[in-house]
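Structure, as structure tokens:
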Amino acid sequence: MPGQDPSTNLALPSLPPELEELGEIALNLWWTWNPAGKNLFRLINPYLWKESGHNPIQLLKTLSAQELEALTKEERFMREYRYVRALFREYMNDKTIYSEEEPLPIAYFCAEFGLHHSVPIYSGGLGFLAGDILKEASDMGLPMVGVGFMYPEGYVRQVMSPDGWQQGASETIDKDTAPIERVLDEKGDHLVFQVPFIDPPVYASLWKLNVGRVSLYLLDTDIEQNDPWDRQISSHLYTPDMNQRLRQEIVLGIGGYRALEILGIKYSILHLNEGHPAFALFERIRSMIEEKKLSLDEAIERVRASSVFTTHTPLQAATDVYNFDMMSHYFGDYWKRLGMDKERFMSFGLNPDAPNAGFNMTVLGLKLCNQRNAVSQKHAEVTRQIWKNVLAQDEPGSPPIVGITNGVHLPTWLGDELRDRLDELLGERWLQLQEDPDLWSRVDELEDEEIWQLHYTYKVRMVNFIRERVRRKWSDEGIDPIVAMAEGVMLDPDVLTIGFARRMTAYKRPDLILHDLDRLEKIVNNYARPVQIIFAGKAHPADQTGKQILQRIFKTAQDRRFRGRIAFVEDYGEGTAKYLVRGCDVWLNNPQIPMEACGTSGMKAAINGTLHCSTLDGWWPEGYNGKNGWAFGGEISDDAKDAAALYDLLEKEIVPLYYTLDEHKRPAGWIAKMRESIRSVSPRFGSRRMMKEYLEKFYLPVSQRSRSWEN
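Numbering (the numbering used here), first residue to last: 165 to 875.
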């Protein structure tokens, strides 16, 4: 992409000349979704690789100069290094845009990106979607650049007290071992710039993450040029202080826009993932007025015609809204520079359903982007309904909100062994053809034995991972045995395992399966057909109801009558997610309808053969075909009725199917559903299909319009 910046990571150790490109590979997250890359670092030292948390920079820093030099003499390692280096070079130089006409460059703004646990700048599904979009854009060769925040203190590291109350601790990013690079200015210093239009001045430094062929730039206000209050702007993701959050979103939208200008990165399409960075739209208008000499109305129309807005919320109350006095304080001079008066400026964030509530960031995105989408087909219906009075203000002929259902990056979320088997079965080019359902018909050739053995391998690995976490916690802190039991030390890989792992908040109903503990006890402790349940997930630090639900789950896990078969896994994140989505037998999802916008964790489970069991909300109405999982509950959510339906389903279908074995001592009926899950979900709910939809519905039409403006 034109205008790339000089950058450096000072944390890498000095490497022997023969291993010069090993550092470049370590600094590019390409290795995280390529098994050969992961295996290369594991080959250096399997124990240290594990101890580093699968962080290649931390691994390399633990090695002495002599040990690094010794690697160059190890024939097996050097042979593998040269092979991975060749793969990496080919990938970085390839050009694989899947269209007859290339799209113009795309700037993708989001408040969080879930890419790897060594860079904890995410809280959940929104961030992992953003991360998967960058990875898929890289795989497809799309000209995209990402803009987000470096959160020095991360989101929140979950620490559970013995009584089950979530205690948040800062998860400080170790900038000396994270795969990030300082962006340098022309003098070779860390690039620092002033965020426009904030008084007194606020400054931000710039970092870069390499995501294959895509660069992600991260803004950081925790620098010495700022006062303590300003240094904290980027310290935490989704700060509950609304004044500080407004400043955060000004820095993300306006500061992020300015950062790309400084770097000389030209783009024609602005894609906003949720409303947090939507102030970038105003900055785009300003830029077109001042640089292209357009009138205000012309600039607004061009911004609308060339900007994409993706909304994830199914509820108006979940959007960011700032009171008008606060907005006036920060934007009083800004709207004058745009040639607007206060009334017109505020109108772009005015929700007709709550005109006195304040300035709504989702409304801003809807009003200044003609390319608007929800993240599942059902969510599109809900979104058009809840924002109908905003949409009624559209000019005649304005495009509607469309549904582009989320997808997950298959190379990231598929287990390595399953991916290797798919390479053999589907051919070496299957990732380039992954959205074609016909390709996946060959999954029917997978033998029952290999499906079951693969799954059992993942299940044992998951249980061992959870036990090891408990062992370490006991060793470090001396935890009570009851707490150890609650955190999974007694899990058994031979028992039917249900997983529930996502953000702990009321509408997701994490404790629905605990509705009738007496009935659940009979299901869990059935002597011949036992069941175990693994919970994981964080409550937002300000969500007291979510914390109370989580506490109830933890206390139930401590209840001896469940015999250690209910567990809560602390501090759920990207690394833990990969173990759970592959190792559980059933992935449970039971949100209040229609509150689930999409729910990508179920896709990640289903592509690995973990069977999805969900109410018909989010993506599941599109994904469920009657043979690849289960659906329960009514069209209107009712806790008592839905819990009873779930218990019935477990007792009458799920548990018997799992424990009904054929002459080979395998659950043939269950395996058939696993095969169908992999075959039916993978092509339709991969990020390749999603990105092709963005390409065809938004990026290419916008590119064609943008080119016409230049002629």
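Every residue, glycine too, gets a C-beta built ideally from N, C-alpha and C.
Rounded straight-line distance, which links the Cα of residue j to that of residue i
i: Phe796; j: Phe512; result: 41 Å
i: Gln396; j: Thr385; result: 7 Å
i: Asp349; j: Tyr494; result: 28 Å
i: Val283; j: Met668; result: 22 Å
i: Glu215; j: Arg666; result: 26 Å
i: Pro865; j: Glu244; result: 43 Å
i: Lys829; j: Glu613; result: 10 Å
i: Gln168; j: Asn257; result: Because Gln168 sits at a pLDDT of 46, beneath the cut-off of 50, its placement in the model cannot be relied upon, and the point is left open.
i: Ser379; j: Val311; result: 9 Å
i: Ile698; j: Asp735; result: 13 Å
i: Gly663; j: Phe849; result: 20 Å
i: Leu502; j: Met838; result: 56 Å
i: Met324; j: Phe523; result: 37 Å
i: His679; j: Gln712; result: 15 Å
i: Leu223; j: Gly496; result: 50 Å
i: Phe252; j: Ser302; result: 13 Å
i: Thr403; j: Leu191; result: 29 Å
i: Gly787; j: Val539; result: 14 Å
i: Tyr858; j: Ile568; result: 7 Å
i: Leu714; j: Gly652; result: 16 Å
i: Leu589; j: Gln549; result: 44 Å
i: Glu860; j: Lys299; result: 18 Å
i: Arg606; j: Arg725; result: 45 Å
i: Ile270; j: Gly591; result: 32 Å
i: Thr576; j: Pro199; result: 10 Å
i: Tyr272; j: Leu436; result: 6 Å
Extent of the continuous beta strand (DSSP E) run through residue i
i: His776; result: Leu775 to Ser778
i: Glu345; result: Glu345 to Val347
i: Trp794; result: Gly793 to Ala795
i: Trp751; result: Val750 to Asn753
i: Tyr863; result: Tyr863 -> no beta strand (DSSP E), and no H or E assigned at all.
i: Leu383; result: Val378 to Asp384
i: Ser369; result: Tyr367 to Val375
i: Arg395; result: Per DSSP, Arg395 belongs to no beta strand (DSSP E); it is in the alpha helix (DSSP H), Pro392 to Arg395.
i: Gln358; result: Val356 to Gln358
Outcome for residue i when other beta-carbon atoms lying within 10 angstroms are tallied against a minimum of 16
i: Pro166; result: Since pLDDT at Pro166 reaches only 37, below the 50 mark, its modelled position is unreliable, and no value is offered.
i: Val624; result: exposed
i: Asn789; result: exposed
i: Tyr286; result: buried
i: Trp751; result: buried
i: Thr336; result: exposed
i: Trp329; result: exposed
i: Thr824; result: exposed
i: Asn374; result: buried
i: Thr196; result: buried
i: Gly376; result: buried
i: Lys640; result: Lys is not the amino acid found at residue 640; the sequence shown has Asp there. Under this definition Asp640 is an exposed residue.
i: Trp873; result: exposed
i: Asn553; result: exposed
Range covered by the alpha helix (DSSP H) that runs through residue i
i: Asn257; result: Glu239 to Asn257
i: Met525; result: Met525 to Leu532
i: Gln541; result: Gln541 to Ile550
i: Asn628; result: Asp612 to Glu641
i: Arg848; result: Ala832 to Arg848
i: Arg206; result: Pro199 to Ile208
i: Ala807; result: Asp803 to Leu813
i: Gln222; result: Pro220 to Thr226
i: Gln535; result: Per DSSP, Gln535 belongs to no alpha helix (DSSP H); it is in the beta strand (DSSP E), Gln535 to Ala538.
i: Ile189; result: Glu184 to Ala190
i: Glu233; result: Ala229 to Leu235
Presumed contact (8 Å Cβ cut-off) between residue i and residue j, rounded CB distance
i: Ala741; j: Ile730; result: Wrong, their Cβ atoms sit about 19 Å apart, outside the cutoff.
i: Gly782; j: Cys762; result: 5 Å
i: Val566; j: Asn537; result: 5 Å
i: Ser765; j: Gly420; result: Not really, about 28 Å apart at Cβ, beyond 8 Å.
i: Thr474; j: Thr526; result: So it is not a contact: roughly 11 Å between Cβ atoms.
i: Ser851; j: Ala770; result: Wrong, their Cβ atoms sit about 14 Å apart, outside the cutoff.
Which runs of the alpha helix (DSSP H) spanning at least 4 residues fall entirely within the stretch 665 to 738, listed in chain order?
Within the stretch 665 to 738, the complete alpha helix (DSSP H) runs of at least 4 residues are 681 to 688 and 708 to 722.
Mind pulling the beta strand (DSSP E) runs of 3 or more residues that sit fully within the stretch 402 to 465?
Fully contained in the stretch 402 to 465 are the following beta strand (DSSP E) runs of length 3 or more, in chain order: 433 to 437.
Identify every run of the alpha helix (DSSP H) within the stretch 462 to 508, keeping only runs that are complete inside it and at least 4 residues long; order them along the chain.
488 to 495 and 498 to 501
Which runs of the beta strand (DSSP E) spanning at least 3 residues fall entirely within the stretch 263 to 329, listed in chain order?
DSSP runs (the beta strand (DSSP E)) wholly in the stretch 263 to 329: 270 to 273, 308 to 313 and 321 to 324.
Taking the runs of the alpha helix (DSSP H) that are 4 residues or longer, which of them lie wholly in the stretch 567 to 602?
Annotation note: the stretch 567 to 602 contains the following uninterrupted alpha helix (DSSP H) runs of length 4 or greater, listed N- to C-terminal: 574 to 577 and 580 to 590.
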